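Chemist: Below is one structure. I have some questions about it.
Okay, here's the thing in structure tokens:
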């Protein structure tokens, strides 16, 4: 048994973990299907790709973000039947926007520990139920005594973080807008995309101001949607396929909730989570060893911010790499080849579909028109959420 | 174990039925509405109760940890780094420095505001570096705000103060 120590945290792996199937629904501002129905559709696709039936599934992990959007508490239990979770060990995990990669991390625990040989991970979000706008549901994220009396909108914290990032590294808005242009264009090749389009930097800079520096086209939209992923033990993977994708490392970390006490220019929470995942995956030089990346991109500056947290760029260097085309789908480090949240959509937890699922599809060479140009062996995906404080990271490889 | 993995490009299909906002309004889709009316009364706790009571007197108070030496603001009753009780309460100034700011055109429900408001993280003088709070700026044009700007709290009149964060109306530039 392999035992390693990271910052006092011991992990022991009983068996390796492979990913053999994934699925996702279309993502739209408003879908007629209920959360249960969306979960069912995503799970069916994942089972279909893996060549499994629901009877083969031993345990289920469900990821879904705030109950506020649905107006339904016990959302995990509500979604149980659509997730294929009845009559088997089932659990829901939730770390805000970070859930999209945290749910597969929880799936990894199930298989790596030897408790399950086949674990299904399902993520669902239905934001459109909340009126007048899903933003209203975010009111509850603020401190009720120190912050809510100031009538904040969730966009504020991102605007504050973006401004600080731009100030410290002297980055211009037009350099950040390139990310939105790239991702929305990449999403044109994604069948599930909600806001794929060809836009220019000027379009971003001239779009409606929300909370400056954040403008409409700097932001991903609220979405309805679901995604699913199947994680299995090596002996099951061998029965199903010659080319599974392996989970090499997982990491997660949270920074203090007192976000006004932090310097927002650098995502320390992502850097800590990445350190853990890279250590586990024996990655010492992420810039050289990572072939494709899916960092969390709910805002255009966030992709850059997270690339720096993941060690894929030096601090302040990510906008330069973007400008030089390094992060394009045919570049040296394709970043968000799926189209990301900016292009495909942002159904909070279900963004697993463009993070963990997309990375699996890329490494399995199944991404179709979205497949990156270069040969790929190892990739990293990451999500982020709560009060800008959680980083969740997963490293995958198609070589064992 | 079933048939084995299929060689397909993924996701294989984009399933789901998109609908529009107006489909709801015009009753083209079946739906059910509810208006849960829940109210909350949050206790402010040990540290923030004292903080709010000091606000009422027009003062800002922080707490100190002698182990790491930090003067923490907003105050807390334990140091989250040393994980021990705080050692002292200390007053800090009602002046500070803008760490970052935003000009917001939207309200909490994402509806447009009649006039944009300027929100900022302000590191308060007298507390440890970067110890800030979120608040709004006033008496300044959006285009004149900058990171590093020195600001001072503008308080409500004493009789209007109620022990809330809004006892400070806004922060204005000084110097």
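Residue numbers (our numbering), protein chains in the order written: chain A, 18 to 417; chain B, 41 to 215. Ideal placement from N, C-alpha and C gives every residue a C-beta, glycine not left out. Here the structure is a predicted model, which is why all the values come from computation and not from measurement.
1) Where do the N-terminal and C-terminal ends of the beta strand (DSSP E) with residue 101 of chain B fall, by residue?
2) By the three-class DSSP mapping on this structure, what secondary structure does residue 206 of chain B have?
3) Using a beta-carbon distance cut-off of less than 7 Å, what residues from the segment 115-136 of chain B approach chain A?
4) For residue 366 of chain A versus residue 116 of chain A, is the C-beta spacing smaller than 9 Å?
5) From residue 97 of chain A to residue 120 of chain A, what does the alpha carbon distance come to, in whole angstroms?
6) Quick check on the burial criterion: 16 or more other C-beta atoms within 10 angstroms. Buried or exposed for residue 91 of chain A?
7) Where residue 29 of chain A and residue 272 of chain A are concerned, what is the direct C-alpha to C-alpha distance, given to the nearest angstrom?
8) Drop a sphere of 10 angstroms on the beta-carbon of residue 100 of chain A, count the other beta-carbons inside from all chains shown, and report buried for 16 or more, exposed for fewer.
9) Which residues of the segment 194-216 of chain A have a Cβ closer than 7 Å to any Cβ of chain B? Give them in chain order.
10) I want to see whether chain B comes within less than 9 Å of residue 173 of chain A, judged by CB atoms only; does it?
11) Have a look at residue 162 of chain A and residue 174 of chain A and give me their C-alpha separation to the nearest angstrom.
12) If the criterion is Cβ atoms closer than 9 Å, does the pair residue 354 of chain A and residue 387 of chain A meet it?
13) Note the first and the last residue of the continuous alpha helix (DSSP H) segment covering residue 293 of chain A.
14) With DSSP run on the structure shown, which of helix, strand or coil describes residue 390 of chain A?
15) Where residue 178 of chain B and residue 212 of chain B are concerned, what is the direct C-alpha to C-alpha distance, given to the nearest angstrom?
16) Take residue 283 of chain A as the anchor and find which of A:133, A:95, A:389, A:405 has the nearest alpha-carbon.
17) Using a beta-carbon distance cut-off of less than 9 Å, what residues from the segment 51-64 of chain B approach chain A?
18) Do we get a CB-CB distance below 9 Å when we pair residue 223 of chain A with the residues of chain B?
19) Just to make sure I have the definition right: I need the residues of chain A whose C-beta is within less than 7 Å of the C-beta of residue 149 of chain B. Which are they?
20) From which residue to which residue does the beta strand (DSSP E) around residue 160 of chain B run?
21) Go through the segment 335-403 of chain A residue by residue and report every complete run of the beta strand (DSSP E) that reaches 3 residues or more, in order.
22) Does the segment 83-95 of chain B come close enough to the segment 147-157 of chain B that 3 or more CB-CB pairs lie under 8 Å?
23) With H, G and I counted as helix, E and B as strand and the rest as coil, what does DSSP make of residue 207 of chain A?
24) Find out if the Cβ-Cβ distance for the pair residue 397 of chain A, residue 244 of chain A is shorter than 9 Å.
25) Since residue 178 of chain B meets chain D, which of its residues come closer than 9 Å, beta carbon to beta carbon?
26) Considering only residues of the same chain and omitting the five flanking positions on each side of residue 214 of chain B, which have a CB-CB separation below 8 Å?
27) On the premise that residue 265 of chain A lies in contact with residue 412 of chain A, defined as a C-beta separation below 8 Å, what is that separation, rounded to the nearest angstrom?
28) Please report the straight-line C-alpha distance between residue 114 of chain B and residue 184 of chain B, rounded to a whole angstrom.
29) Looking only at its own chain, which residues have a Cβ that is under 6 Å from the Cβ of residue 242 of chain A, when we skip the five neighbours before and after it?
30) Excluding the five sequence neighbours on either side, which residues of its own chain have a C-beta within less than 6 Å of the C-beta of residue 166 of chain B, listed in chain order?
31) Could you tell me which uninterrupted alpha helix (DSSP H) segments, each at least 4 residues in length, are contained entirely in the segment 103-135 of chain A, listed from first to last along the chain?
32) For residue 106 of chain A versus residue 75 of chain A, is the C-beta spacing smaller than 9 Å?
33) Listed in chain order, which residues of the segment 266-293 of chain A have Cβ atoms closer than 8 Å to some Cβ of chain B?
34) Could you give the distance in angstroms between the alpha-carbon of residue 71 of chain A and the alpha-carbon of residue 93 of chain A?
35) Alpha carbons only, please: which of A:227, A:118, A:122, A:333 is nearest the one belonging to residue 401 of chain A?
36) Alpha carbon to alpha carbon, how far is residue 300 of chain A from residue 372 of chain A?
Modeler: Taking the coordinates as given:
1) Looking up residue 101 of chain B in the second chain gives position 61. Unbroken beta strand (DSSP E) run through residue 101 of chain B: 100-104.
2) Start at 1 with the first residue of the second chain, and residue 206 of chain B comes out as number 166. DSSP places residue 206 of chain B in helix when its eight states are reduced to three.
3) For the segment 115-136 of chain B, the beta-carbon criterion of a distance under 7 Å to any beta-carbon of chain A is satisfied by 120.
4) Along the first chain, one-based indexing puts residue 366 of chain A at 349. Along the first chain, one-based indexing puts residue 116 of chain A at 99. A contact, by the Cβ cut-off of 9 Å.
5) Against the first chain, residue 97 of chain A aligns to sequence position 80. Against the first chain, residue 120 of chain A aligns to sequence position 103. If I take the Cα positions, the gap works out to 15 Å.
6) As a first step, residue 91 of chain A is located in the first chain; it is residue number 74 there, counting from the start. Result: exposed.
7) Taking the first residue of the first chain as 1, we reach residue 29 of chain A at position 12. Taking the first residue of the first chain as 1, we reach residue 272 of chain A at position 255. The straight-line gap from Cα to Cα measures roughly 25 Å.
8) Translated into the one-based positions of the first chain, residue 100 of chain A becomes position 83. Buried, since its Cβ has 16 or more Cβ neighbours within 10 Å.
9) 208, 209
10) Position 156 of the first chain holds residue 173 of chain A. Yes - at least one Cβ of chain B is within 9 Å of the one on residue 173 of chain A.
11) On the first chain, position 145 is the one that residue 162 of chain A refers to. On the first chain, position 157 is the one that residue 174 of chain A refers to. Each residue's Cα considered, the two are about 17 Å apart.
12) Stepping through the first chain from its first residue, residue 354 of chain A is reached at position 337. Stepping through the first chain from its first residue, residue 387 of chain A is reached at position 370. Pairing residue 354 of chain A with residue 387 of chain A gives a Cβ-Cβ distance under 9 Å.
13) The residue you call residue 293 of chain A lines up with position 276 of the first chain. DSSP places residue 293 of chain A in the uninterrupted alpha helix (DSSP H) bounded by 285-297.
14) Within the first chain, residue 390 of chain A is the residue found at index 373, counting from 1. Correct three-state label for residue 390 of chain A: coil.
15) Residue numbering aside, residue 178 of chain B sits at position 138 when the second chain is read from its first letter. Residue numbering aside, residue 212 of chain B sits at position 172 when the second chain is read from its first letter. In a straight line, the C-alpha of residue 178 of chain B is about 5 Å away from that of residue 212 of chain B.
16) Stepping through the first chain from its first residue, residue 283 of chain A is reached at position 266. The shortest Cα separation from residue 283 of chain A among A:133, A:95, A:389, A:405 belongs to A:405.
17) 51, 52, 53, 54, 55, 56, 57, 58, 59, 60, 61, 63, 64
18) The residue labelled residue 223 of chain A in the question sits at position 206 within the first chain. It does not; no Cβ of chain B falls within 9 Å.
19) The residue given as residue 149 of chain B occupies position 109 in the second chain. Here the neighbours are 149, 150, 152, 153.
20) Residue numbering aside, residue 160 of chain B sits at position 120 when the second chain is read from its first letter. Here the beta strand (DSSP E) through residue 160 of chain B covers 152-164.
21) You should have 395-402.
22) no
23) Locating residue 207 of chain A in the first chain gives position 190, counting from the first residue. Coil at residue 207 of chain A, not helix or strand.
24) For this step, residue 397 of chain A is matched to residue 380 along the first chain. For this step, residue 244 of chain A is matched to residue 227 along the first chain. Contact flag unset, no.
25) Of the chains in the structure shown, none is chain D; the protein chains are A and B.
26) What you label residue 214 of chain B is simply residue 174 of the second chain in a count that begins at 1. A distance below 8 Å between beta-carbons, with the five flanking residues on each side excluded, links residue 214 of chain B to the following residues of its chain, in chain order: 135, 190, 191, 192.
27) One-based indexing of the first chain puts residue 412 of chain A at position 395. One-based indexing of the first chain puts residue 265 of chain A at position 248. 5 Å between Cβ atoms; contact.
28) As a position in the second chain, residue 114 of chain B is number 74, starting the count at 1. As a position in the second chain, residue 184 of chain B is number 144, starting the count at 1. If I take the Cα positions, the gap works out to 27 Å.
29) Position 225 of the first chain, counted from the first residue, corresponds to residue 242 of chain A. 42, 44, 364, 367.
30) Translated into the one-based positions of the second chain, residue 166 of chain B becomes position 126. The residues are 132, 133.
31) 116-129
32) The residue given as residue 106 of chain A occupies position 89 in the first chain. The residue given as residue 75 of chain A occupies position 58 in the first chain. Yes, these two residues count as a Cβ contact at 9 Å.
33) 273, 275, 277, 278, 279, 280, 281
34) Residue mapping note: residue 71 of chain A aligns to position 54 of the first chain, counting from 1. Residue mapping note: residue 93 of chain A aligns to position 76 of the first chain, counting from 1. Whole-angstrom Cα-Cα distance: 18 Å.
35) Here residue 401 of chain A refers to the residue found at position 384 when the first chain is read from its first residue. The shortest Cα separation from residue 401 of chain A among A:227, A:118, A:122, A:333 belongs to A:118.
36) Within the first chain, the letter at position 283 stands for residue 300 of chain A. Within the first chain, the letter at position 355 stands for residue 372 of chain A. Between residue 300 of chain A and residue 372 of chain A, the C-alpha separation is close to 19 Å.
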